[in-house]
Structure formats: structure tokens, C-alpha cells
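When we follow our numbering, the leftmost residue of the sequence shown carries the number 2, and every step to the right adds one. A quick write-up on the structure given underneath.
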Amino acid sequence: MSDDPGMERSRELLRRHQEHTTREPHTFTALRKKWDVFPGVFSPEFTPVTAMFTTWLPYPPDGAFLEVGSGTGVTAVWAALQGCRRVVALDINPAAVENTRANACRHDVSDRVTVLHSDLFDALPPDVVFDVIFWNSNYVEPPADFSLDTMLHHAFFDPGYAAHRRFLAEAPAHLAPDGRLLLGFSDVGNHELLRQLCDTYGLTLSTLRSEVRELHMTVEFQLLELTPARHRP
Ligand SMILES: C[S@@+](CC[C@H](N)C(=O)[O-])C[C@H]1O[C@@H](n2cnc3c(N)ncnc32)[C@H](O)[C@@H]1O
Numbered sequence: 002m003s004d005d006p007g008m009e010r011s012r013e014l015l016r017r018h019q020e021h022t023t024r025e026p027h028t029f030t031a032l033r034k035k036w037d038v039f040p041g042v043f044s045p046e047f048t049p050v051t052a053m054f055t056t057w058l059p060y061p062p063d064g065a066f067l068e069v070g071s072g073t074g075v076t077a078v079w080a081a082l083q084g085c086r087r088v089v090a091l092d093i094n095p096a097a098v099e100n101t102r103a104n105a106c107r108h109d110v111s112d113r114v115t116v117l118h119s120d121l122f123d124a125l126p127p128d129v130v131f132d133v134i135f136w137n138s139n140y141v142e143p144p145a146d147f148s149l150d151t152m153l154h155h156a157f158f159d160p161g162y163a164a165h166r167r168f169l170a171e172a173p174a175h176l177a178p179d180g181r182l183l184l185g186f187s188d189v190g191n192h193e194l195l196r197q198l199c200d201t202y203g204l205t206l207s208t209l210r211s212e213v214r215e216l217h218m219t220v221e222f223q224l225l226e227l228t229p230a231r232h233r234p
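So this is what it looks like as C-alpha cells:
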């Protein structure tokens, strides 16, 4: 048993997902709709976080929305259903890419949702910009010797916050002039390190909304806004 309850809860969630990967693709219900979930993909069946952030996010009417780490694609598809004109969803996990495509098809928004296999922004053209960029991130910082053995590990753990560092450094270049950069986080994440990284990249951190849930432990889920210096009045 680890001394860190956040780490222990994430290991437990990972175990539940791994059991689930032996099963066939199946469906679950979230936000009063049915969704496909493929083996090896982070599943909103096991946590309230996806539905929570998806209902809290701002969706620019007729605007462009980027979801980093789309998983099953619930948020990206929801953005299209809420009226975003152009949605791009990307994930480092090839199974998540296929899963997001399947749910875009299931909800008839494939014409507005482009899904890319990408490590953060790598597969995007450098000049493409969005009104909202969002990532429900892998905010658990594991011990230094932790290894990301499977694609599913990337859904939970970010050793040394290497992916967060790149997200904060690279996202502002893909924001429209009044674009908003949002991060789905929690009190299980390393806030001190996140703040240091925000300082390094000239971002101001604020909490848009948060909610405490009693799961196996008490967790506060937080939707954070990261405002680049050029956007501040
Ligand atoms: C916490 S899960 C969220 C999944 C989905 N958005 C949801 O809310 O159900 C984090 C997602 O980020 C993806 N991810 C992790 N590192 C990534 C990276 N470097 N580039 C793209 N996606 C990444 C994971 O594969 C995973 O699907």
C-alpha cells in the first residue's frame, strides 16, 4: 500500500480498467446518452470526472474546440452537439482514437469532429488555432521510478509532469486571440509543480469551478483556466 492516497486510488482505477480490457467493446450511459467504450481506453463508467467537466466547459457557439486526450470522445462529441463548428480530438492512445471516431459516428457528428492520433499537439499544423483547448489530464505524478507500461497508464500518470510541461508550453500557440485554455485537474494533482510550470510559461492559473466528491477517498475535481500573458487586460 502506498502512503499517497491519490496514487493508491489511481492504481486501483487502473486495475479496474485492466480487468475491463479483457472484455469486448460495450456501451455505457453518460449525460443521458449511450457511448461505446473500447478495451484499453479510459472509461467514464468508473469515475464522475468526464461527465462533470463535460457539463462545466464553455462551448463557443460556432467556434473551434480542441480536446486533448479525448479517450472515449464524450467531451469532443458533446462539444459538436452543443454547436461548435469545428472540433478536433486527439489522443496518444490509438484505441482512444478509434473509440472517439466510433462515438462521433454513433452521434452523427463525424462531419464536425476530426480525430487525430497525436502526442499532444504534434499532429496539428503549427498555425491551426482554437477558441477553447481542454485536457482532462493525467494529473497524478507518480514516483520517479514509475514506468508507463501500457497506453492506459498514460490516462492516469505523468512522471515528472513531462506531458503537463509540454501542454503548458505549446498550447498557447494554438489559441485564437481570445481563446481559452482549460485543464481538468484535481487536488490529487501536484498543484505546486503546476504553479511553477505556469510561472515558467507566463500563464496565470485560476479555478473556474470545483466540486468535492466522496469516492474511495475525498477528491476535489477542479476545472482550471490558464491565461497567457498576452490575453490579460
Ligand atoms: C484522464 S484521461 C481523460 C479521457 C477523456 N477525456 C475523458 O474525460 O473521459 C486522459 C487522456 O489523455 C490521454 N493522454 C495522455 N497523455 C497524452 C499525450 N501526451 N498526448 C495525447 N493524449 C494524451 C490519455 O490517453 C487519456 O485518454
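Even for Gly, the Cβ is constructed at its ideal location relative to N, Cα and C. None of the values given here were measured: they were computed from a predicted structure.
Who are the near neighbours of residue i in its chain, counting only those whose CB is closer than 8 Å to its CB and skipping five residues on each side?
i      : result
Val50  : Asn137, Gly185, Ser187, Phe222
Glu99  : Phe39
Thr101 : Ser71, Gly72, Thr73, Gly74, Ala77, Val78, Ala90, Asp92, Val114, Val116
Trp1   : Beyond the ends of the chain as shown, which are 2 and 234, falls residue 1; an answer cannot be given.
Determine which residues share a DSSP beta bridge with residue i and list them.
i      : result
Trp36  : Phe29
Ala90  : Glu68, Val116
Pro229 : Leu204
Phe222 : Ser187, Glu212
How is the alpha helix (DSSP H) around residue i delimited, first residue to last?
i      : result
Leu206 : From DSSP, Leu206 is part of no alpha helix (DSSP H) but of the beta strand (DSSP E) over 204–215.
Gly7   : 6–21
Can you list, in chain order, the residues of its chain with a C-beta nearer than 6 Å to that of residue i? Leave out the 5 residues immediately preceding and following it.
i      : result
Gly203 : Ala230
Ser3   : Residue confidence for Ser3 is low, a pLDDT of 49 falling below 50, so the modelled location carries little weight and cannot support an answer.
Ser11  : Val141, Phe157
Pro6   : Met218
Ala65  : Arg87, Phe131, Asp132
Leu15  : Phe157
Leu216 : none
Ala177 : Val130, Asp132
Please go through the same chain and pick out, in chain order, the residues whose beta-carbon is closer than 7 Å to the beta-carbon of residue i, but skip the five residues on each side of it.
i      : result
Val114 : Ala77, Val78, Ala81, Val88, Ala90, Ala105
Arg214 : Pro49, Val220, Phe222
Pro95  : His118
With hydrogens ignored, establish whether the beta-carbon of residue i is closer than 6 Å to any heavy atom of ligand 1.
i      : result
Ser71  : yes
His27  : no
Phe43  : yes
Asn94  : yes
Ala156 : yes
Leu194 : no
Asp120 : yes
### Task
Taking only runs that begin and end inside the stretch 103–189, name each unbroken beta strand (DSSP E) of 3 or more residues, in chain order.
114–118, 131–137, 176–187
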